[in-house]
Amino acid sequence: MPLYGSKFNVVRLLTLLERFFRKKKKQAPSLPRIETRDPPDLRCDVTKHQGLDENDARIEEEDTEEHNMTCSGYGAAPYLFEPTSEDIEQVADREVADPDEWRLANSEWCKCGQWRPMGLSAESHCCQEHEHVVNKLKDMQPDPCSPTCA
1 MPLYGSKFNV VRLLTLLERF FRKKKKQAPS LPRIETRDPP DLRCDVTKHQ GLDENDARIE
61 EEDTEEHNMT CSGYGAAPYL FEPTSEDIEQ VADREVADPD EWRLANSEWC KCGQWRPMGL
121 SAESHCCQEH EHVVNKLKDM QPDPCSPTCA
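As structure tokens, this is what we get:
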């Protein structure tokens, strides 16, 4: 007898599924509901709004509804949209990763024009960026005022 060919099998399957989900629903723990109440001084007092026009009263009513939706039920979530410490650490790691990485992409930053690509950005420096190298290069160049033989 095929499994799907009989009405009896389909009805039996549906009955078993219904029982299964009823048991699961009974076993599921219910979340506690937190009751929140506004302090008496923050409650909306209708008598103090007697002088408001219809538009202002509607806005006040919408604000009260929004407040009730966010503060009732499971309570307010004060840090809901704050980044977690893990997110902050990841951003810091990305920022500190390699500040001179931009040097590897081009050679326009080189002052002398003799720069060649290196493996690491820490190795990518122009000779003109270091004072002791510049001084050595000046010492190696001949004095333009000294006599030369032709």
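In full-length UniProt numbering, the protein residues as written are 1 to 150. Ideal Cβ placement from N, Cα and C applies to all residues, glycine included.
Item	Value
Residues of its chain near residue 128, where Cβ-Cβ distance is below 7 Å and the 5 sequence neighbours each way are ignored	111, 112, 134
C-alpha gap between residue 141 and residue 84, whole angstroms	58 Å
Residue burial classification, residue 103 (beta-carbon count within 10 angstroms, cutoff 16)	buried
For residue 122, the nearest candidate out of 100, 18, 115, 137 (CA to CA)	100
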